[in-house]
Amino acid sequence: MSDTTHTGPMLAADGSPLKRSLERALRRQKLRALALIAPLLIFILVTFIAPIADMLFRSVENEIVSETLPRTVVALKDWDPTLGELPDEAVFAAMAADLQEAAKAKIHTRVGSRLNYETPGISSLFRKSGRQASKWDLEKDGPFKDVLIKSEKGWGELDVWKTIQVYSPKYTNGYFLNAVDLEKTASGISPRDEDQQIYITLFLRTFAMSIGITLSCLMLGYPVAWLLSNLPSRSSNLLMILVLLPFWTSLLVRTSAWKVLLQQQGVINDVLVWVGLVANDDRLVMINNQFGTVLAMTHILLPFMILPLFSVMKTIPPSYLRAAKSLGASNWTAFWRVYFPQSVPGIGAGSILVFILAVGYYITPELVGGTKGTFISNRIAFHISSSLNWGLAAALGAILLGFVVLLYWVYDRLVGIDNVKLG
Amino acid sequence: MSLPIYATPAQRVWYYTFRVICGAIFFFLIAPILVIIPLSFNAQDFFTFTPEMLSLDPAGFSLKHYRDFFTNDDWQGALYNSLRIAPVATVLSLSFGTLAAIGLSQSHVPFRRVIMAVLISPMIVPLIISAAGMYFFYSRVGLQGTYWGVVLAHAALGIPFVIITVTATLVGFDRSLTRAAASMGANPITTFFKVQMPLILPGVVSGGLFAFITSFDEVVVVLFVGSAGQKTLTWQMFTGLREQISPTILAVATILVVFSIGLLIVVEMLRRRSERLRGMSPN
C-alpha cells in the first residue's frame with residue numbers, strides 16, 4: 224500500500240503505538256489467566272506430579288549399595304569376575320569395615336535385602352555376619368577373607384561378589400530388566416530363571432483381559448447407546464438413569480454385589496439350580512478366576528462406554544438412515560455403510576477410556592480375581608506392601624504408566640480431553 | 235424409532251428382539267445393585283435368599299445387619315473418618331479447581347493444552363500408580379499415615395472432576411455480562427461473586443459432589459497413604475470383602491446405594507438448571 228500517507232505507526236489514546244498497546248493488553252490478559260491457574264497447578268505439581276516423579280526416580284535409583292558399602296564398592300572396581308577367582312584380601316577387608324560400620328548404624332540388613340532381590344541368600348549373609356561384625360578388630364583379626372568365609376560360607380561364592388559389583392553404581396536399569404523378566408549379571412543381560420519369569424505373562428494377561436473387557440463393554444454398550452439416542456427424550460432420560468445409577472454407585476458396592484452373586488452358594492448359582500440348568504452338587508465356579516474379573520469389570524466400566532457412544536450417536540441425524548433406506552438399502556447395509564462409520568469416533572473414545580481404566584484396575588481383580596484373574600497392578604501393590612521391593616514396584620508402575628500415557632495422548636488427539644463429559 | 239405400519243414380519247421380529255436384548259443389558263446394569271437391597275434384610279447370615287424370604291415370611295427379614303452397622307465401633311469409626319476426610323478434600327479441590335477453571339476459560343491462555351493435560355492426569359493415571367508414588371513421596375516428607383496426607387491426596391484426585399464440570403458450565407458463559415458489570419463500576423471481586431458465580435454455581439456444586447464422591451469412594455490411595463487412624467468406610471468394606479465377608483457389608487452397600495440415588499437426583503437437577511440458566515434447552 225504505497226499510496227497511503229502514513230507518517231508513522233498508528234497511535235493509541237495514550238500516545239503509545241497501537242501495536243505495542245495491544246500487545247501489552249494481551250500480555251496482561253495472559254498473566255491474569257495464568258495467575259488464576261497457578262495455585263492449582265502448584266497444588267497438583269506438589270501433591271500429584273512430584274509423587275509420580277519420585278516413583279520414576281525410584282525405579283532407577285540404587286544408592287543404597289554405594290552408601291552402605293562405600294569402601295567395598297571402590298575396592299571391587301578393579302576386580303575382574305571373568306577370571307573365576309574370588310576378590311583379593313583388600314576387598315574382603317573393605318567389606319569387613321563396611322559391615323562393622325553398617326551394623327553399628329543397624330542398616331546392614333537393608334542393603335542385604337536389597338541385594339537379595341537379585342541373588343537370593345545374600346540377605347542372610349549380611350544379617351548373620353553383621354551380627355558378628357562388632358566383635359571384629361579391623362587391625363588385628365585379618366586376613367578377613369578367612370574371617371568372613373568362616374562367619375558365613377556364602378562369602379566364598381563368586382555370585383555374591385558379582386552381584387555386589389553389578390549393583391555398585393548409583394543408578395541401575397536392573398529393576399526395569401527384572402520387570403521384563405531379564406536380569407543383570409556380570410557377563411551382561413540374560414533371561415531370569417524359568418520359575419521367576421512372571422511379569423511378561425502378567426503384562427500380557429492384563430492387556431488381554433483389558434481388551435476382552437473393552438470388547439464386551441462395546442458389544443453391550445453399542446445397542447444401548449443406539450436405543451438411548453433414538454428414543455424420544457422423555458423415555459431416553461428415564462432409561463439414562465439406569466446407566467447413571469451404576470456410574471454413581473460406589474465401586475465397592477458393585478464389587479461386593481458381584482462377590483455375593485457369583486459365590487457357589489450365591490444367588491446366580493441358586494437360580495441356575497432351581498431352573499435345573501446346573502446340578503446342586505455341581506455348582507459353577509464363577510469367582511476367583513478370570514471369568515469373575517471380566518464379568519464384574521465389564522459391569523463396572525460399561526457406563527464409561529455408553530456415555531461417550533451416546534454423546535456421539537446423538538449428533539447423527541436419523542434422517543441419514545431413512546435416506547439410505549429410501550434409496551433401496553437393506554436395514555443392514557444402511558446401518559453398516561451409513562450409520563456405523565459415523566459412530567466410529569464414539570467407539571474410539573469409549574474404547575480407549577474403558578481400556579485405560581481397565582488396565583490399571585486394582586480393587587476388583589484383587590477381590591474377585593483369585594490368583595488367575597489378577598492384574599499387574601495387584602503385583603505392584605504386593606511389592607509395595609508385602610515384599611517391600613519398592614524399586615521393582617516402581618519399575619512395573621513406570622512401564623504401566625508409559626502405556627497409559629501413550630493411550631492418553633492418543634485419546635487427546637482423537638477426542639480432546641476438554642471434551643470429556645461426565646453424566 | 236417406533237415401528238412403521240408397513241414393516242415386514244422380519245422387521246417386526248428384529249424390532250422386538252432388539253428391545254429384548256437392550257432390556258437384558260439394562261437388567262445386567264441395574265440388577266446386581268438392586269439385588270443386594272433385599273439381601274441386606276436377611277435374618278440369616280447367608281448371601282442368598284432363604285426360603286423364608288422367598289415366601290415373604292416376616293421372620294425371614296430383619297434389621298440386624300443395620301443394627302450391627304450402627305452399633306459396631308469399627309464401622310462407626312470408619313464412617314466418622316470418611317466424613318472427616320471427604321468434605322475437607324472437597325473444599326480444597328473445589329476452591330483451587332474453580333479458580334483454575336475460570337482462568338482456563340479465558341480467551342488467551344498460554345500452554346493451555348499442556349496445563350489441561352496435567353490437571354486432568356489424576357483421573358487417567360491408574361490409581362495404583364498414584365498410590366505408589368504418593369506412598370513413596372509422602373513418606374519422604376512425613377505426610378504418610380497422617381490425616382492431611384490423605385486429604386491432600388484425595389483433593390488431587392478430585393480436581394479433574396471439578397475442572398471438567400466447571401469448564402463445561404463456562405463454555406456458554408456470556409462474557410459481555412462481566413464487561414457490563416465492570417462498565418457499571420463493579421470491581422473484579424464483586425463481579426465474580428455477584429455476576430459470574432451465581433451463573434456457574436450449578437456446575438460448581440456438581441463438581442463438588444463429584445469431588446466428594448471421589449474421596450468418599452476412594453480406597454486404593456487411602457490404603458497406602460493412610461494408616462489405621464484414617465481407616466475409611468470403603469477401606470473397612472475392602473478388608474471385609476477380602477477377609478471374612480460379613481453380611482453387614484450388604485447393609486452398608488444398601489445405605490450407599492440410597493445415598494448415590496440421592497446424589498444422582500441432585501446432579502441431574504443441577505444440570506437441567508444450569509442449562510436453563512445458560513439459555514440452552516435441555517435437549
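Chains A and B, in that order, are what the protein sequence lines are.
Just remember that the numbering used here sits 223 ahead of the position in the first sequence, which is counted from 1.
Just remember that the numbering used here sits 234 ahead of the position in the second sequence, which is counted from 1.
Glycine residues also receive a C-beta, built at the ideal position from the N, C-alpha and C atoms.
As the structure is a prediction and not an experimental result, all values here were calculated from the model.
Buried versus exposed, by CB contacts within 10 Å (16 or more), residue i
i	result
A621 (chain A)	buried
N401 (chain A)	buried
M233 (chain A)	exposed
K407 (chain A)	buried
V396 (chain B)	buried
F252 (chain B)	exposed
K366 (chain A)	The identity of residue 366 (chain A) in the sequence shown is Pro, whereas the question assumes Lys. Result: exposed.
Q652 (chain A)	This structure leaves residue 652 (chain A) out entirely; chain A is present only between 224 and 646.
W481 (chain A)	buried
L518 (chain A)	buried
W497 (chain A)	exposed
G376 (chain B)	exposed
N601 (chain A)	buried
P531 (chain A)	buried
Beta carbon of residue i nearer than 9 Å to that of residue j
i	j	result
V582 (chain A)	S433 (chain A)	yes
S296 (chain B)	F407 (chain B)	no
G605 (chain A)	T516 (chain A)	The sequence shown places Phe at residue 605 (chain A), not Gly. For F605 (chain A) and T516 (chain A), no; Cβs fall outside 9 Å.
E375 (chain A)	S352 (chain A)	yes
V466 (chain A)	L525 (chain A)	yes
T282 (chain B)	V490 (chain A)	yes
I447 (chain B)	W555 (chain A)	no
W309 (chain B)	Q470 (chain B)	yes
T356 (chain A)	A328 (chain A)	Inspection of the sequence shows that residue 356 (chain A) is occupied by Ala rather than by Thr. The answer is no: Cβ separation not under 9 Å.
R333 (chain A)	T291 (chain A)	yes
I495 (chain B)	L263 (chain A)	no
V567 (chain A)	L544 (chain A)	no
G337 (chain B)	A256 (chain A)	yes
I529 (chain A)	V476 (chain A)	no
Y394 (chain A)	V283 (chain A)	yes
T399 (chain B)	F444 (chain B)	yes
S480 (chain B)	D307 (chain B)	no
V288 (chain A)	A298 (chain A)	no
Other residues of its chain near residue i: CB distance less than 7 Å, five sequence neighbours each side excluded
i	result
W359 (chain A)	A319, Q323 and V370
N517 (chain B)	Model confidence at N517 (chain B) stands at a pLDDT of 39, short of 50, so the residue's coordinates are unreliable and nothing is read from them.
V269 (chain A)	none
M463 (chain A)	L451
T386 (chain A)	L338, E341, T342 and I345
S225 (chain A)	Note that S225 (chain A) scores 49 on pLDDT, short of 50, meaning its location in the model is unreliable and no value can be drawn from it.
L361 (chain B)	V454 and V455
M520 (chain A)	I436, A581, Y584 and T587
Q378 (chain B)	Y369, Y372 and V459
W449 (chain A)	M536
Chain-order list of residues whose beta-carbon lies under 8 Å from that of residue i (same chain, five-residue window excluded)
i	result
G571 (chain A)	L637 and V638
P541 (chain A)	N453
L580 (chain A)	L524 and F527
K428 (chain B)	A415 and A420
S346 (chain A)	T332, G335, S336, L338 and N339
V501 (chain A)	N492, L495 and L507
Beta-carbon proximity list for residue i, same chain, < 6 Å, skipping 5 on both sides
i	result
P310 (chain A)	W302 and W384
Y422 (chain A)	A402 and D404
E286 (chain B)	A293 and G294
L615 (chain A)	Y398, N401 and H606
Y634 (chain A)	I575
A485 (chain B)	S274, H299, Y300 and F303
A547 (chain A)	A557 and V561
Under 8 Å by beta carbon: chain D residues contacting residue i
i	result
Y300 (chain B)	The structure shown contains no chain D; its protein chains are A and B.
Practice problem: Using a Cβ-Cβ cut-off of less than 8 Å, give me the residues of the stretch 430–453 of chain B that come near chain A, in sequence order. | Solution: S440, F444, I447, F450, D451 and V453
Exercise for the section: Determine which residues of the stretch 310–343 of chain B have a Cβ less than 7 Å from any Cβ of chain A, and write them out in chain order. Expected result: F330, G331, L333, A334, I336, G337, L338, Q340, H342 and V343
What residues in the stretch 459–473 of chain A bring their beta carbon closer than 8 Å to a beta carbon of chain B? L462, I464, L465, V466, L467, L468, P469, W471, T472 and S473
| message | Taking 8 Å as the cut-off, does the stretch 258–273 of chain B touch the stretch 475–494 of chain A (at least 3 CB pairs, one atom from each stretch)? | response | yes
Would you call the stretch 247–259 of chain A in contact with the stretch 327–343 of chain B, where contact means no fewer than 3 C-beta pairs closer than 8 Å? yes
- Of the residues that make up the stretch 255–284 of chain B, which ones have a beta carbon closer than 8 Å to any beta carbon in chain A? I255, C256, I259, F260, F262, L263, I264, P266, I267, V269, I270, L273, F280, F281, T282 and F283
message = Does the contact criterion of 3 or more C-beta pairs under 8 Å hold for the stretch 351–367 of chain B versus the stretch 258–275 of chain A?
response = yes
Assess, as a yes-or-no matter, whether the stretch 414–425 of chain B is touched by the stretch 381–392 of chain B under the definition of 3 or more beta carbon pairs within less than 8 Å. no
Exercise for the section: Check whether the stretch 430–447 of chain B touches the stretch 479–491 of chain B, counting contact only when three or more Cβ pairs, one atom from each stretch, lie closer than 8 Å. Expected result: no
Is it true that the stretch 447–465 of chain B meets the stretch 304–319 of chain B, where meeting means three or more beta-carbon pairs spaced less than 8 Å apart?
yes
Inset, instruction - Pull out every residue of the stretch 483–506 of chain A whose Cβ sits closer than 9 Å to any Cβ of chain B, in chain order. - result: V483, L484, Q486, Q488, G489, V490, N492 and D493
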